[in-house]
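Single-structure report; data block below.
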Amino acid sequence: MNLERTCVLWSVLCFLWVSASIKALAENTPPKSFWALFLLASSKRSLLGLPVAGFFFALLDIPSLAALDAPSPTHSLSWSSYDEPPAFGPFRYVYPRPGHTDLPGYITIGVRGGGGEVDPSSVGGKFVVTGARSGNRGGVVRVAKDDRTVLFLPHQAFHDSEMVTVDVLPGIWVRNETTGGLDELGGYSWSFRTGMRPGDTLLRSDEVLFTQSNDASLSESISILNQDEPTATFFDVPRLPEATAQGAPVAHSTAFEAGWGSIVPDRPTATAGSTLQKLQADTLQIYDDDTTDGPPLMDGDDILDEYVETWMANDDSIEGATGLRASVAAQWWGEVEGGLPQELGDARTWVRTDMYKTLPEDFPPIARTVVGNLSNAAGGYIFVATIGHPDRQFNNFLLILETSGEPVWWQRLDERNENWRGWSVRDFKKHPTGVLSWHDSHKQGWHIVNDSYEEVGFIEPKHTYRSNGHCFVIGDNGHALLLANRFRSGLDLSAVLDGGSHKAQVLDFAIQELDEDGAVLFEWTSWNDLPIGRQYLESRQDPKELFSNNVDHLHPNSVDWTPDNHILVSLRHLDQVIKIDRDTGEILWRLGGASSDFSFVNDTDRGFTYQHDAKMTQIDPPIVTLYDNGNRKSPERSRAVAYQLDEHSRTATLIWEHRHQPEDVYGLAMGSHQTLSNGNTVVGWAGVEPQRNPFYTELDGASGTTVVELQFLQPWTSYRAFKGEWAGRPRTAPTLLLDVSGGDNVKLRYSWNGATQVRRWKVYAGTDPEAPDQLIWEVAKWRYEQWIDFNKARDIFEQWTPIDQCIHYQVVPVDNEGNPMTPSAIVSSPWCESQGALCALDDQTRRDCAADHPFIKAQECHNRGCCYRPSDTMTSPDSPPWCFHPRAATDQPQAEGYSLTCTTDKSIAAPCGVPGDWEAVCRSRGCCWSEQGGAPVCYHAQWTCDGDVAENRRECGYAGLGEDGCHSRGCCYGETDRQGVPWCYQPR
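When you line the sequence shown up against mature numbering (1 follows the signal peptide of the UniProt record, and there is no 0), it's residues -26 to -1, 1 to 962, in that order.
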């Protein structure tokens, strides 16, 4: 009888325990495990104690033991829960979620209901936050920028390893999106636990770095650097204001249409007999703004006839069209004659950036490996960032390119690869809000710049996480979605992984969504939200890494919102892409890997491995695209793929695939896949040295054929490659450079880094050093750098040649509406500064050098070794002489001829050029030439390079330009330890 009663009682309590457990799990009620465990421990009979404990779990609104055993919910796919995700009382989102453990001391607490906007006046006093040891915690309660999330920001951090209880009181009002009225939300209570292991917040988790062994095999390793713990601060990314009115002060870069930049009055038009009239009559018609721009026959070396035909054939497409520029610039690519690496082939072409002098000398040269029908290319520009093997020492570049590979904008990053420092996947891209971003591994965050290339924000992860540079996106609502890392140190993995380390440092990652103020709207962590054991058992990380003390078993490398406002993340070392509910944090499904919820259909590869750049491009039906690196397949090869998902039959059907043609390529790491708005596809093949893969392939969406393919000539690649619309409006002035490195073959070179709105260039020259006013050349913009070749146009530009005379130059870009834009700085011929310094005499002190020849020409005057300065009053008998003796370079008696006027103590004279220069080159720089005392010497006049006042130096190069390169420009070189003072500077 007693046994029967015991069985009946046990059955009843068991039923109550199961019911209570289901209720507790459904409501995610706060745990108060002490009392339940006390009852369980005090029971004399374990069979009776278990249901008794379960019964009291129900009475106390405590989750079952199953929920307390693991810090994350066990994954089980439930299509009903996918349609209606479980709620936390009246809320769809709470953070930290109930039962979360090992959280940092300072944490943002947030809740979000399922309705519309929150009434801000209803949130005050609704949060009661209590630490088990720290007691009641005060803080700031506010509504986030999304108007739906309520945040509690504690004034102080919680204690380490303490249980924190959050009670949200009833009375928060939210807008009912159906009726338009206000609904009152009920209360909710839950708990989480803080607690960081020693060293967790003091370890910096870099991206996976690549090493190359002696036998050229490729492997991966993790680099860890000790860093200080960051503070939890918010960073504001300002919204760009509206455009200003015409002529009003311009406060930001979006005011282009209203007259951004420095507006200058238009220059004089051509008058009868002027140089411009001569150009129009004798050489090339200067087309007015209503017709197609003509080809610049004076601009550059041999311009191809095909280029002229291409330009003239595109009569209606010059207006702001990048497609025309792509087709035009393609004609400028020169055939390579033995200049490319052998593996690129002999018949391939490359972008002739080697001819450009306004680019840094280490600018990465680009090869065009395939060119198809460029008219089928999508509009917009290419965004890439160079990356090479970490063992190499070089400076990386951020690049915006035309479809043709022609540069549009570049930024040379300061960090050099030195024993892994400076190496990073930059993930350089443009966002829907019109800003650019890239990752900075040193500062542990992302730089945000506007369309003027000015930094407007810097975003870093919150809650003591470190930035993971693999992926960062900004939505059209201004929210940022990012990946972040933290190493969990001192973990014993042997319990879950046979052969695992007893003292492992495990890479934990977080997904964070931040609003415009940097507040955390959503957070999901692998530590708390993925089943602990399964993470390691399913990992496909290299065993020697998985069983080491540094474990990167998941390796997240992309994150993005889905069209239905959830989150998609790629886990490379699981061969898996997972979809996460943006409210509950629940894993909705897994695609790929050992625990895939889908079977692959129509895919001979039976899925993907070590993938990158996963996106969901549409929701009905769901389509997922990604770059399949193909590691550990046989054979190893990479491809871009698209799968259509059937969430009911749980199948993933391969509907599109592209493998490189004509031969497969294999990208060990990195890579990207982008679907463009016109249906074209962009593939970035990436890879790690010694792999040499194209960094950009654009495929025609209709035919699948390659439109264009680009590859770096150096052993570089790009982590990803993107294409998108962009309007660059730099606030910096155009660059103007007088290139005298070719002797008397002098070129006036000009460019404007980052400007995409330039339609044409106007070139001005004159003798007035403050306002050159003679329009000598007007030409359509068609590539990054253009120039005038004074030697080839000697008859046309004779009056304005910089050789042996002082002429000042300026260029003014013109936009698509015909408005002048920001002008360049005024550049003077070297003769004005160096040899011209000998001619810098007041009118009263000029000594006539042509009394016998009142109307002497410039060349005749120069042949006498004298200075030539035409006067505005040259018809007056009292005007100063046009041709006069230069200033004496020494105290010796003045005499005619360069050899005497430049005589100086050559032991203290500054070099002007490099050994091997000939006299014509030296003179074209306005420098002195002497063959006395042995080898010919080219030098500046003594006082033109003394440069003692370093602050007055005017830049004549760029950071990193060497002494010989500086001298070849006819400039002075002098090292200085003063910050910001150039080493290469213009002579006085």
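Where is the CB? At the ideal position from N, CA and C, for every residue including glycine.
Nearest-angstrom beta carbon gap, residue j and residue i [assumed within contact, 8 Å]
i	j	result
residue 684	residue 379	5 Å
residue 453	residue 488	7 Å
residue 165	residue 72	7 Å
residue 528	residue 545	5 Å
residue 415	residue 403	16 Å between Cβ atoms; not a contact.
residue 398	residue 413	6 Å
residue 358	residue 373	5 Å
residue 983	residue 590	Because the chain spans -26 through 962 in this model, residue 983 falls outside it and cannot be assessed.
residue 755	residue 355	Going by Cβ atoms, the distance from residue 755 to residue 355 rounds to 15 Å, so no, they are not a contact pair.
residue 437	residue 81	6 Å
residue 673	residue 634	Incorrect: roughly 11 Å between the Cβ atoms, too far for contact.
residue 619	residue 572	6 Å
residue 530	residue 483	5 Å
residue 119	residue 450	The pair is not a contact, with the Cβ atoms about 14 Å apart (cut-off 8 Å).
residue 332	residue 668	That pair is no contact at about 27 Å.
Beta-carbon proximity list for residue i, same chain, < 7 Å, skipping 5 on both sides
i	result
residue 690	338, 360, 361, 362
residue 947	937, 940, 941, 957, 958
residue 896	886, 887, 903, 912
residue 421	411, 412, 414, 429, 432
residue 625	572, 573, 575
residue 279	Note that residue 279 has pLDDT 25, beneath the 50 cutoff, so the model's placement of it is unreliable and no number is given.
Under 8 Å between C-beta atoms of residue i and residue j
i	j	result
residue 559	residue 498	yes
residue 660	residue 675	no
residue 586	residue 605	no
residue 656	residue 734	no
residue 150	residue 159	no
residue 101	residue 117	no
residue 960	residue 930	yes
residue 730	residue 702	yes
residue 695	residue 779	no
residue 551	residue 598	yes
residue 815	residue 776	no
residue 126	residue 79	no
residue 662	residue 687	no
Residues of its chain near residue i, where Cβ-Cβ distance is below 6 Å and the 5 sequence neighbours each way are ignored
i	result
residue 336	none
residue 710	724, 785, 798, 801
residue 855	820, 822
residue 841	813, 858, 860
residue 774	739, 750, 781
residue 577	628
residue 144	160, 161
residue 549	514, 566, 567, 583
residue 830	824, 857
residue 771	764
residue 186	Its pLDDT being 27, under 50, residue 186 is placed unreliably in this model, and the coordinates cannot settle the point.
residue 139	104, 165
Residue-chain proximity (residue i, chain D), Cβ-Cβ < 8 Å
i	result
residue 854	In the structure shown, chain D does not exist; there is a single protein chain.
For residue i, the residue or residues it bridges with in DSSP
i	result
residue 738	749, 784
residue 977	There is no way to answer for residue 977, as the model of the chain reaches only from -26 to 962.
residue 721	713, 763
residue 586	601
residue 620	625
residue 857	842
residue 835	DSSP output for residue 835 lists no bridge partner at all.
residue 550	545
residue 380	Answer is none; residue 380 lacks a bridge partner.
Own chain, CB closer than 8 Å to residue i, minus 5 neighbours either side, in chain order
i	result
residue 87	64, 65, 66, 122, 146, 148, 159
### Message
Between the segment 465 to 484 and the segment 547 to 566, can you find at least three pairs of beta-carbon atoms closer than 8 Å?
### Response
no
So, do the segment 606 to 615 and the segment 568 to 588 have three or more beta carbon pairs nearer to each other than 8 Å?
yes
### Query
Using 8 Å as the Cβ pair cut-off and three pairs as the minimum, do the segment 62 to 73 and the segment 105 to 117 touch?
no
Discussion item. Using 8 Å as the cut-off, can you tell me whether the segment 505 to 516 makes contact with the segment 451 to 465, which would need three or more C-beta pairs spanning the two stretches below that distance?
Written reply: no
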